[in-house]
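Only one structure is covered here, and it is reproduced in the block below.
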Amino acid sequence: MTGGCKCRLGGREYWLVYTADAYFDIQGAYGADFLEKLRPGTRDAYEVAVGCLLILAREGELCRRYMGYTAAEMLTEEDVRRCMLPDSIVKVKTLVNEAVLAGLRVENAKVSDEPVDLGLLEYEKKTVLD
1 MTGGCKCRLG GREYWLVYTA DAYFDIQGAY GADFLEKLRP GTRDAYEVAV
51 GCLLILAREG ELCRRYMGYT AAEMLTEEDV RRCMLPDSIV KVKTLVNEAV
101 LAGLRVENAK VSDEPVDLGL LEYEKKTVLD
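Numbering (the working numbering), first residue to last: 1 to 130.
Here it is in structure tokens:
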């Protein structure tokens with residue numbers, strides 16, 4: 001399955017997928033700047049992370065079912081809140097970001113500090129075979 005990422009929580013594995021429904025549900029609940037709201041180390045950022053995780057996991061499970069996999073239990077808010085330890089908060093925020101980037105088909109989203117050879121990039125664009 002493409003367009004998502006895996007998450008382990010409470011000994012179970014969930015698939016996080018940023019579908020169009022997830023896009024609208026997350027923006028409706030947390031605003032268009034939800035990724036920025038994840039950044040601080042605050043309770044509000046934690047709440048956004050939990051909410052986004054639940055939406056992404058729901059969509060991941062619905063995609064699995066649609067693809068013919070045996071239905072698994074949906075991730076619940078209770079599961080998240082009882083299983084998440086403080087050291088997992090940053091991991092969950094990272095997973096939310098990864099799922100969103102995968103859903104948007106953003107490749108190589110990691111920022112590099114290395115200098116970029118603009119001439120080489122332009123040459124590579126001109127020599128790509130379609």
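From the three backbone atoms N, C-alpha and C, an ideal C-beta is built for every residue, glycine too.
DSSP three-state assignment for residue 104, whether helix, strand or coil
coil
Would you kindly report the start and end of the unbroken beta strand (DSSP E) that includes residue 73?
Looking at the DSSP string, residue 73 is not in any beta strand (DSSP E), and its letter there is neither H nor E.
Determine the closest residue to residue 17 out of 38, 55, 48, with distance taken between C-alpha atoms.
55
DSSP-derived helix/strand/coil call for residue 8:
strand
Anticipated Cβ contact below 8 Å, residue 75 with residue 49, distance rounded
Their Cβ separation, rounded to whole angstroms, is 13 Å, which puts residue 75 and residue 49 out of contact at 8 Å.
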